[in-house]
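Before any comments, here is the structure.
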Amino acid sequence: MLRVDRLSAWYGEARALREVSMRVEEGEIVTLVGRNGAGKTTLLRCLMGLHAKTSGTVALFGEDVSALGPHRRARRGLGYVPDDRGIFATLSVEENLLLPPAFSKARSRPGGGPEPWSLERVYETFPRLRERRRFPGTRLSGGEQQMLALARVLRTGARLLLCDEPTEGLSPLIVERIGEILREVKAAGVTVLLIEQNVHFAATVADRHYLLAEGRIVESLDNDQVRAREHELLEYLGI
Ligand code: ATP
1 MLRVDRLSAW
11 YGEARALREV
21 SMRVEEGEIV
31 TLVGRNGAGK
41 TTLLRCLMGL
51 HAKTSGTVAL
61 FGEDVSALGP
71 HRRARRGLGY
81 VPDDRGIFAT
91 LSVEENLLLP
101 PAFSKARSRP
111 GGGPEPWSLE
121 RVYETFPRLR
131 ERRRFPGTRL
141 SGGEQQMLAL
151 ARVLRTGARL
161 LLCDEPTEGL
171 SPLIVERIGE
181 ILREVKAAGV
191 TVLLIEQNVH
201 FAATVADRHY
211 LLAEGRIVES
221 LDNDQVRARE
231 HELLEYLGI
């Protein structure tokens with residue numbers, strides 16, 4: 001579903017990613033773990049086509065998309081939830097959900113994949129958003145904002161979701177709810193690649209993990225390995 005080969009990225013002369021190669025298979029939830037500054041956000045931005053200075057290749061659903069911009073990648077079924085969640089603060093929850101993505105009508109669906117989620121389906125999965133549908137974005141809690149950001153991307157019919165630390169700053173109860181939602185999203189046929197520093201949470205929600213350090217993938221871990229090394233990893237991550 002996603003194949004990355006020898007991807008490098010720069011900010012000016014400074015190299016932020018060094019020949020990253022990785023895979024995400026259909027139906028998986030995969031996490032990216034690493035210290036602050038390891039390059040996780042840069043990697044997601046490169047996958048979405050939002051970072052200009054790169055080398056290497058990114059293939060999505062079997063097609064080399066390295067030369068395509070974010071709109072074209074989105075049209076092929078890639079969705080991105082940035083760390084600031086990217087919702088419109090002055091619009092209501094429902095207005096945020098109804099904003100049609102520019103590519104919604106034109107999107108091509110090679111190989112099928114999940115249908116764009118209807119408003120009703122969003123409200124079934126996120127009853128909290130139904131309750132809050134007339135609230136402006138500014139009045140939502142962090143967890144509600146995260147749900148809205150995820151729901152908006154699902155409305156586009158994304159089949160591979162890139163999520164930049166969806167649990168950051170959320171209370172343990174809400175983190176648990178986000179975990180349930182990610183599992184529901186997976187059951188609905190959506191593949192997920194997410195940044196996650198909470199390795200305990202990562203091992204309960206994901207199938208596999210990549211550890212990133214100084215712009216390189218240094219290890220690929222399964223859940224048993226993460227659980228066995230939880231304390232060591234937390235110490236390494238400085239948490
Ligand atoms: P964090 O969890 O702190 O966001 P991260 O793993 O996502 O960390 P990135 O934000 O991708 O890391 O940063 C990777 C490297 O690129 C870091 O050395 C960072 O200082 C550098 N970097 C990030 N954004 C910029 C920028 N706009 N200009 C210059 N350097 C940047």
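For the sequence shown, the UniProt record's numbering assigns the number 1 to the initial residue and increments by one for each residue that follows.
For every residue, glycine included, the Cβ atom is placed at its ideal position computed from N, Cα and C.
Please read these numbers as outputs of a predicted model, since none were measured by experiment.
### Query
Would Phe126 pass as a contact of Val93 if the rule is Cβ separation under 7 Å?
Here residue 126 is taken as the residue at index 126 of the sequence shown, counted from 1. Here residue 93 is taken as the residue at index 93 of the sequence shown, counted from 1. For Phe126 and Val93, no; Cβs fall outside 7 Å.
### Query
Taking C-alpha atoms, which residue in Ile29, Gly142, Leu97 and Glu26 lies nearest to Glu120?
Locating residue 120 in the sequence shown gives position 120, counting from the first residue. Here the closest residue by C-alpha is Leu97.
### Message
So the candidates are Gly215, Leu160, Arg139 and Ala74; which of them puts its Cα closest to the Cα of Ala14?
### Response
Within the sequence shown, the letter at position 14 stands for residue 14. The shortest C-alpha separation from Ala14 is found at Gly215.
### Query
Beta carbon of Phe201, beta carbon of Val175: below 7 Å?
Residue 201 sits at position 201 when you count from the first residue of the sequence shown. Residue 175 sits at position 175 when you count from the first residue of the sequence shown. Result yes, Cβ atoms of Phe201 and Val175 sit closer than 7 Å.
### Query
Any idea if Ala187 is buried or exposed, counting beta-carbon neighbours within 10 angstroms, 16 or more meaning buried?
Along the sequence shown, read from residue 1 onward, the residue named residue 187 stands at position 187. Exposed.
### Query
Between the stretch 143-155 and the stretch 68-84, do at least 3 Cβ pairs fall closer than 8 Å?
yes
### beta strand (DSSP E) segments (min. 3 residues) lying fully within the stretch 160-221
160-163, 191-195 and 208-213
#### Entry: Inter-residue CB distance, Ile217 and Met22 (contact presumed, cutoff 8 Å)
Position 217 of the sequence shown, counting from 1, holds the residue named residue 217. Position 22 of the sequence shown, counting from 1, holds the residue named residue 22. 6 Å between Cβ atoms; contact.
### Query
What residues in its chain sit with their C-beta under 7 Å from that of Ile239, if we drop five residues either side in the sequence?
As a position in the sequence shown, residue 239 is number 239, starting the count at 1. So the list reads Gln197, once near-sequence residues are dropped.
### Task
My understanding is that Gly137 touches Thr167, with C-beta atoms under 8 Å, so please give their C-beta distance in whole angstroms.
Residue 137 sits at position 137 when you count from the first residue of the sequence shown. Residue 167 sits at position 167 when you count from the first residue of the sequence shown. That belief does not hold up - the Cβ atoms of Gly137 and Thr167 are roughly 19 Å apart, past 8 Å.
### Query
Comparing the CB of Tyr11 with every heavy atom of ligand 3, is any distance shorter than 6 Å?
Absence of ligand 3 is noted for the structure shown, with ligand 1 being the only ligands found.
### Message
Residues in the same chain with beta-carbon distance under 7 Å from Arg6, minus the five sequence neighbours each way, listed in chain order, please.
### Response
Position 6 of the sequence shown holds residue 6. The residues are Glu19, Ser21 and Gly56.
### Message
What does DSSP give as the partner residue(s) for Ala59 in the beta ladder?
### Response
Position 59 of the sequence shown, counted from the start, is the residue given in the question as residue 59. In the DSSP output, where bridge partners are listed per residue, Ala59 has Arg3 and Asp64.
### Query
What does Ser92 pair with, by DSSP beta-bridge criteria?
Numbered from 1 along the sequence shown, position 92 holds the residue referred to as residue 92. For Ser92, which the question treats as bridged, DSSP gives the partners Pro136.
### Query
Closest to Gly69 by CA distance: which of Ile181, Ile87 and Gly49 is it?
Here residue 69 is taken as the residue at index 69 of the sequence shown, counted from 1. Ranking the options by Cα distance to Gly69, first place goes to Gly49.
### Selection from Val199, Leu32, Val122 and Gly169 that minimises the alpha carbon distance to Gly143
Here residue 143 refers to the residue found at position 143 of the sequence shown. Among Val199, Leu32, Val122 and Gly169, the Cα nearest to that of Gly143 is on Gly169.
### Query
Given a threshold of 16 other Cβ atoms within 10 Å of its Cβ, counted over all protein chains shown, does His71 qualify as buried or as exposed?
Residue mapping note: residue 71 aligns to position 71 of the sequence shown, counting from 1. His71 should be labelled exposed.
### Message
Can you tell me whether Glu230 is helix, strand or coil according to DSSP?
### Response
The sequence position of residue 230 within the sequence shown is 230, counting from 1. Here Glu230 sits in helix by DSSP.
### Message
Please report the distance separating the alpha-carbon of Leu221 from that of Cys163.
### Response
Here residue 221 refers to the residue found at position 221 when the sequence shown is read from its first residue. Here residue 163 refers to the residue found at position 163 when the sequence shown is read from its first residue. Answer to the nearest angstrom: the Cα atoms are 19 Å apart.
### Query
Taking just the CA atoms, how far does Arg139 sit from Thr191?
One-based indexing of the sequence shown puts residue 191 at position 191. One-based indexing of the sequence shown puts residue 139 at position 139. Cα to Cα, the separation comes out at about 30 Å.
### Task
Give the DSSP bridge partners of Ile29, in chain order.
Locating residue 29 in the sequence shown gives position 29, counting from the first residue. The partner list for Ile29 (beta bridge, DSSP) reads Val192.
#### Entry: Assigned secondary structure, Arg35 (DSSP; H/G/I helix, E/B strand, else coil)
Within the sequence shown, residue 35 is the residue found at index 35, counting from 1. If DSSP states are grouped into helix, strand and coil, Arg35 belongs with coil.
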